[in-house]
Amino acid sequence: MKPILRSFVFLTLAQLLPCHAQEAEKAYKSEISVTPLLKTQTDAAGKPITWPTGTPEVTAVRVEIPPGKQTGWHRHPVPCFAYVLEGELSVELEGVGTKIVKAGEAFTEAVNVLHNGTNKGTTPVKLVMFVAGESNKPYAERPSAAEPAKPAEAPANR
Numbered sequence: 475m476k477p478i479l480r481s482f483v484f485l486t487l488a489q490l491l492p493c494h495a496q497e498a499e500k501a502y503k504s505e506i507s508v509t510p511l512l513k514t515q516t517d518a519a520g521k522p523i524t525w526p527t528g529t530p531e532v533t534a535v536r537v538e539i540p541p542g543k544q545t546g547w548h549r550h551p552v553p554c555f556a557y558v559l560e561g562e563l564s565v566e567l568e569g570v571g572t573k574i575v576k577a578g579e580a581f582t583e584a585v586n587v588l589h590n591g592t593n594k595g596t597t598p599v600k601l602v603m604f605v606a607g608e609s610n611k612p613y614a615e616r617p618s619a620a621e622p623a624k625p626a627e628a629p630a631n632r
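Residue 475 is where the sequence shown starts when you use my numbering, and the numbers rise one by one after that.
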């Protein structure tokens with residue numbers, strides 16, 4: 475596992491444990507490098523992160539979006555965290571605006587907010603996403619036919 479990915483996995487898991495990341499870092503020998511990539515209490519839409527109920531299940535997936543392609547409008551009913559390995563992703567969030575995430579950046583996915591990721595570049599976008607979800611429940615959902623996605627009206631931001 476690449477050192478930066480290893481650090482992200484550690485930090486993601488450290489947020490799930492009842493200790494602070496800085497305290498957890500002290501648990502390793504001094505020759506081990508831990509670089510904080512993300513620490514937040516809100517998702518991409520600025521809403522507080524809440525944890526699912528039921529039987530917890532952590533999932534990690536690698537996502538690759540070819541140039542010129544998009545994820546399609548969807549929402550996450552549970553907290554998801556991602557780290558961009560390569561490329562640049564433009565994420566349009568309904569009612570919030572557009573956020574750009576680039577290689578080397580970690581971000582939280584918006585929870586229960588429709589959004590669409592687009593690769594406007596010429597190389598694939600590759601990212602690793604970690605999901606704090608529930609067993610036997612999807613971590614991504616398409617909108618129903620009754621709720622068509624609308625372009626974001628808020629100004630673009632980063």
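Backbone N, C-alpha and C fix where the C-beta goes; we use that ideal spot for every residue, glycine too.
Per DSSP, the continuous beta strand (DSSP E) segment holding residue 530 begins and ends at 530-539.
Burial is judged here by how many other beta carbons sit within 10 angstroms of a residue's own beta carbon; residue 597 has fewer than 16 and is exposed. Rounded to the nearest angstrom, the Cβ distance from residue 595 to residue 577 is 10 Å, too far for a contact under 8 Å. Contact between the segment 563-570 and the segment 523-535 is absent: fewer than three C-beta pairs spanning the two stretches fall below 8 Å. A check of alpha carbon separations from residue 600 across 541, 523, 517 and 516 identifies 541 as the nearest.
Assigned with DSSP and collapsed to three states, residue 545 falls in coil, not helix or strand. Leaving aside the five residues that flank residue 538 on each side, the residues in its chain whose CB is nearer than 6 Å to its CB run, in chain order, 598 and 600. Residue 562 sits in a strand when the DSSP states are folded into three classes.
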